[in-house]
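In what follows, a structure is listed as structure tokens, so that the remarks can point back to it.
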Amino acid sequence: MKLNIVCIPGDGIGPEIVAQARAVLDRTAELYGHEMTYKEVLLGGASIDVHGVPLTEEAIADAKAADAVLMGSIGGDTTKSPWYKLPPDKRPEAGLLRIRKALGLFANLRPAVLYEELADACPLRQEIRQGGFDMLIMRELTGGLYFGERKTYTENGMRHAVDTLTYSEEEIRRIAVKGFEIARKRKKKVTSVDKANVLDSSRLWRAIVEEVAVEYPDVALSHMLVDNCAMQLVKDPAQFDVILTENMFGDILSDEASMVTGSIGMLASASLNDTKFGLYEPSHGSAPDIAGADAANPIATILSASMMLRYSFDLDREADAVDRAVKAVLQEGWRTADIMSPGCRQVGCREMGRLIVEHLEGGEQR
-5 MKLNIVCIPG DGIGPEIVAQ ARAVLDRTAE LYGHEMTYKE VLLGGASIDV
45 HGVPLTEEAI ADAKAADAVL MGSIGGDTTK SPWYKLPPDK RPEAGLLRIR
95 KALGLFANLR PAVLYEELAD ACPLRQEIRQ GGFDMLIMRE LTGGLYFGER
145 KTYTENGMRH AVDTLTYSEE EIRRIAVKGF EIARKRKKKV TSVDKANVLD
195 SSRLWRAIVE EVAVEYPDVA LSHMLVDNCA MQLVKDPAQF DVILTENMFG
245 DILSDEASMV TGSIGMLASA SLNDTKFGLY EPSHGSAPDI AGADAANPIA
295 TILSASMMLR YSFDLDREAD AVDRAVKAVL QEGWRTADIM SPGCRQVGCR
345 EMGRLIVEHL EGGEQR
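In terms of this note's numbering, the sequence shown opens at residue -5 and continues consecutively.
Here it is, written out as structure tokens:
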């Protein structure tokens, strides 16, 4: 298979971590007989420095012409960088929001995985964290409260603010279909999270999800109210497989889930549109304080590349090989500074990438 990928190194540690993810992809392609082609484009501060804007029309066109986008990190030090003296619509993050909209990305996937090797970093009690957990939060990305009409006004001397939470049947159905399709690649279990005891939007959400579920009889569906889900994430995270939810709930729950893993440097993410196209990026930031120091953890970006293989190209075997290589390196005790623990061996960004590539060579299953 020929894989046409746009790479967006971005800012801060972005170029370093994307380089290691590309090395892993290249070795995977070599092992399994694929052809990788890359085109590098600028986004964020890197684009501002060259073009004066955080995202150009040419960059959007290049991304649209690709099969998938692999991105590093966007932004810089908000207190020091000249990028943050610009108007808000000219700052690095504005480019990220714009490309998501231009590519029609409506489904955000954020895995939260606790590796047994990193269990000590988890803030939960040992009896809860033992055995680890592996969930994926699927958040609707373009509707709901964040995109509804809003206004602030004064009436009778009193200030008021209104935010509108709106969802259409189409918006709910397309994210539900994605959720069930992805559950089929995992443990075949969907937990749909809403507030149907209070909100009309949640009652519609629940009704549409149940309609979609009929088309996936092999996937188990359950419903959970959002406040209960927030509690269950810290009480028994291993119960979850795919958590399917709307924009604001997903924003909050995915941050909670990331914290119970204990290390944001290990967390991948993906944003998909209504085709197989996706934008894949780590969940962490650009870490400008360690940029260029070979201290970054590339694993989240490498795992994002694994998600790209799985969800944009349906290369489950190859994605499994990458995931196994990451786990094998952790089992051997190799760590970057952010996940370092006593008795382990610390390495930098380049060496961690090299070790994962090396374990791909030893772990091939044809």
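Glycine residues also receive a C-beta, built at the ideal position from the N, C-alpha and C atoms.
Quick caveat: nothing in here was measured; it's all calculated off a predicted structure.
Item                                                                                           : Value
Beta strand (DSSP E) segments (min. 3 residues) lying fully within the region 62 to 119        : 62 to 67 and 101 to 108
Residues bridged to Asn(-2) (per DSSP)                                                         : Thr31
C-beta contact flag for Leu99 and Leu273 at 7 Å                                                : yes
Paired residues, beta bridge with Tyr132 - DSSP                                                : As written in the sequence, residue 132 is Met, which differs from the Tyr given in the question. Its beta-bridge partners are Leu103 and Leu238.
Status (buried if at least 16 other CB within 10 Å, exposed otherwise) for Gln359              : Model confidence at Gln359 stands at a pLDDT of 45, short of 50, so the residue's coordinates are unreliable; what they give is reported in the following sentence. Exposed: under 16 other Cβ atoms inside 10 Å.
C-beta contact flag for Gly256 and Ala115 at 7 Å                                               : yes
Distance between Pro3 and Arg85 (C-alpha atoms, nearest Å)                                     : 17 Å
Beta-carbon proximity of Val187 to Ile246, cut-off 7 Å                                         : no
Inter-residue spacing [alpha-carbon to alpha-carbon] between Arg318 and Ile296                 : 12 Å
Backbone secondary structure at Thr146 - three-state DSSP                                      : strand
Alpha helix (DSSP H) segment containing Pro9, residue limits                                   : Gly8 to Tyr26
Assigned exposure category for Gln120 - 16 Cβ within 10 Å defines buried                       : exposed
Proximity to His217 [Cα-Cα], best of Val228, Leu49, Leu227 and Glu204                          : Glu204
Paired residues, beta bridge with Thr185 - DSSP                                                : Ser216 and Ile237
Meets three-Cβ-pair contact criterion under 8 Å: the region 88 to 97 and the region 125 to 134 : no
Residue from Thr136, Ile11, Thr239 and Glu326 with nearest C-alpha to Cys223                   : Thr239
N-terminal and C-terminal residue of the beta strand (DSSP E) that Ile275 is part of           : The question names Ile, but residue 275 is Glu in the sequence shown. Glu275 -> beta strand (DSSP E) spans Gly272 to Pro276.
Supposed close pair Asn(-2), Ser265 - CB separation, criterion 8 Å                             : Contact flag wrong, Cβ pair sits at about 18 Å.
Coarse secondary structure for Met334, derived from DSSP in three states                       : coil
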